[in-house]
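A short worksheet on the structure shown next.
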Amino acid sequence: MKYLYIASVLLFCLGSKDRVIEDERPNVVFIMVDDLGWKDVGYMGGDFFETPNIDKLATEGMVFTNSYAGAANCAPSRACLMTGQNTPRHGIYTVSPSTRGKAKDRRLIPTKNTDSLQLEMFTMAEMFKQAGYTTGTFGKWHLGKDPTLQGFDVNVAGDLRGNPGKNGYFSPYNVANLEDGPEGEHLTDRLTSEAIKFLNTNKATPFFIYVPFYSVHTPILAKKELIEKYKSKTNNLKNINPTYAAMVETMDINVGRLLSEIKKLNLDKNTIIVFTSDNGGIRYIARQDPLRAGKGSYYEGGTRVPTIIKWHGKIKPNSNTNVPIVNMDFFPTFQEIVKVSLPNKTLDGKSILPILKGNTIKKRALFWHFPIYLENYNNKMDDSRDPLFRTRPGSTLVYDNWKLHQYFEDNGLELYHLTDDIGERNNLAESHPEKLKEMMAILTQKQREMDAPIPTMLNPEYRE
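With our numbering, letter number 7 in the sequence shown gets 459, and the count goes up by one each step, no holes.
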């Protein structure tokens, strides 16, 4: 009996040790702001905006100055993030039919769009579930009616809807899967409170919390006292919408609430924090100069996003990198961290874990494909290729500080050297034929690898 007792104690201790090791797997909190532009935060030079909590996070983690969304608008970017795959693989190119704009202005019949992520597509949330994590999403899903069918244990306020609707930032709400709060309660405040509640309930086990705020997407609505604050500021040299700036500050306050709770629960030393946006900002609301254009465009203003990653003891505080990354990289990065084997899963991103540890990754090309149309927001302010559309069907490639745009309607090509011309103003396609040939070869190979659909059928309703 004595030896049996000793053996039992040893087994218990070993089992306890295994549980401790398991529980040392990092928690992940992924904050995705909607339509937040590259320069709409203080640490990126947005001096009109007041974002002290996000700015503090930037000093505690690593800033990615060349961080890209997987697409230039909401649903496709989120699909890229959640699947780790590029748009031709999941078929989500936009948020509604691909025949946007007037028929008479569309030369081609665009590729048909899919509005929801197919259930057979294996998601990042499902990967975390496979690793033994508890998962929750708090905010905009936009990839189907029910994220709990795609890896989330808890869903608050998420369905196919892409914005909170008229007056939707204040209770009573318009979004599904969220009970109304007290009249006038703010949606961003409420989503954060729900995420904090989940955090407290699941603090003893590894968790993945996805916080895709509806803010700062339209409608542009904010708390009155903050609107007045920004109206009275005298440094609004870019004519930024004061109500939008107030929305950004409310979002920042709630990022601070969430981070404070993580620290209060003594979880900050074992939690990876990611802060980013789903695509570029809307240009007529907040210009992203020197970047060209904005949301919906595949110029830099539409795809570059602010990104910070913090991981205590793993990432050097107050560090930064200009190595280009794309949101499809998060899936393989987390997969490597939590050690899940997915032999049959195709991933178009690459693990950036070496970058987080202070090293680098092999130079590679980043590729975007968008065989669709997106009508203009504001023909005088969009700063797109033409005043009618933010995007016409085409592909884009970034490689070694060069960027190529290919347009399918007229076989147009634009080549820019981003180091010298981040604003994409000086087209070098004719003056650099060898570089153009090199970039076109890489882009064509990418299109073939992904079986990317290229529309060629002429639209009979088109009128020149």
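Where is the CB? At the ideal position from N, CA and C, for every residue including glycine.
Give the secondary structure of residue i by DSSP, where H, G and I count as helix, E and B as strand, and everything else as coil.
i	result
Tyr-851	strand
Arg-877	coil
Ile-672	coil
Leu-488	coil
Pro-504	helix
Ser-645	helix
His-884	coil
Thr-535	helix
Lys-762	strand
Tyr-662	strand
Gln-899	helix
Arg-735	coil
Thr-546	coil
Thr-566	coil
Gly-588	strand
Arg-530	helix
Thr-871	coil
Arg-915	coil
Glu-474	Residue placement at Glu-474 cannot be trusted, given a pLDDT of 45 that sits under 50; the coordinates are not used to answer.
Arg-837	coil
Thr-551	strand
Asn-831	coil
Met-573	coil
Tyr-495	helix
Asn-652	helix
On a CA-only basis, which of the options is nearest residue i? Give me that one, please.
i	options	result
Asn-607	Val-850, Trp-854, Leu-630, Ile-506	Leu-630
Arg-559	Asn-879, Pro-742, Leu-895, Glu-861	Glu-861
Ala-527	Lys-618, Gly-543, Gly-553, Thr-695	Gly-543
Tyr-829	Gly-765, Lys-797, Gly-748	Gly-748
Ser-529	Pro-549, Thr-517, Asp-492, Val-485	Val-485
Tyr-851	Ser-568, Leu-818, Ala-893, Ile-737	Leu-818
Asn-615	His-594, Asp-605, Asp-872	His-594
Met-921	Ile-483, Glu-476, Arg-477	This structure gives no information on residue 921, because the portion of the chain shown stretches from 453 to 916.
Leu-743	Asp-873, Met-902, Ile-714, Ser-883	Asp-873
Asp-781	Met-534, Trp-490, Lys-889, Phe-500	Met-534
Arg-613	Gly-603, Lys-597, Leu-601	Lys-597
Val-792	Thr-575, Pro-769, Ser-568, Lys-564	Thr-575
Thr-566	Leu-880, Met-579, Pro-549	Pro-549
Leu-895	His-884, Gly-846, Glu-913	Gly-846
Arg-477	Gln-787, Arg-709, Asn-518	Gln-787
Thr-644	Asn-654, Thr-657, Pro-634, Tyr-662	Tyr-662
Thr-686	Glu-913, Thr-587, Phe-500	Phe-500
Leu-856	His-884, Leu-840, Met-833, Asp-835	His-884
Tyr-585	Met-573, Asp-605, Ser-568, Pro-599	Asp-605
Thr-653	Thr-695, Gly-617, Glu-713, Glu-635	Glu-713
Gly-746	Arg-541, Arg-842, Pro-664, Met-573	Arg-842
Trp-763	Gly-498, Gly-636, Gly-513	Gly-513
In whole angstroms, what separates the C-alpha of residue i from that of residue j?
i	j	result
Glu-876	Thr-511	30 angstroms
Asn-911	Val-480	47 angstroms
Asn-571	Ile-777	First, the amino acid is wrong: residue 571 is Leu here, not Asn. Distance between the alpha carbons of Leu-571 and Ile-777 is about 27 angstroms.
Ser-623	Gly-591	15 angstroms
Asp-557	Asn-626	34 angstroms
Met-496	Thr-503	10 angstroms
Ala-523	Ala-531	9 angstroms
Glu-901	Glu-890	17 angstroms
Asn-525	Thr-546	7 angstroms
Gly-754	Asp-730	10 angstroms
Asp-539	His-821	In the sequence as presented, Asp is not what sits at residue 539; that position holds Thr. For Thr-539 and His-821, the distance between alpha carbons rounds to 7 angstroms.
Ile-705	Leu-678	12 angstroms
Met-699	Gly-489	13 angstroms
Asn-722	Met-579	19 angstroms
Asp-611	Arg-739	30 angstroms
Asp-632	Gly-620	11 angstroms
Thr-551	Lys-564	8 angstroms
Phe-665	Glu-886	44 angstroms
Pro-907	Arg-837	19 angstroms
Leu-867	Gly-733	23 angstroms
Asp-641	Ser-684	24 angstroms
Arg-756	Ser-519	6 angstroms
Taking DSSP's pairing of strands, which residues face residue i in a bridge?
i	result
Pro-776	In the DSSP output, where bridge partners are listed per residue, Pro-776 has none listed.
Leu-865	Gln-858
Leu-560	Leu-910
Ser-519	Ile-777
His-638	Phe-622
Met-514	Ile-761, Ser-771
Thr-843	Leu-826
Ile-483	Val-663, Phe-727
Val-606	Gly-588
Arg-756	Tyr-520
Using 7 angstroms as the cut-off, classify the Cβ of residue i as near or not near the heavy atoms of the ligand NAD, replying yes or no.
i	result
Asp-487	This structure does not include the ligand NAD; it has no bound ligands of any sort.
Subject >> Ranges of the alpha helix (DSSP H) found wholly within the segment 780 to 827, counting only runs of at least 4 >> reply: List check, alpha helix (DSSP H) in window: 782 to 790, 805 to 808.
Original post:
Which ranges would you report for the alpha helix (DSSP H) in the segment 682 to 727 if only whole runs of at least 4 residues count?
Top reply: Within the segment 682 to 727, the alpha helix (DSSP H) runs of at least 4 residues that lie entirely inside it are, in chain order, 694 to 716.
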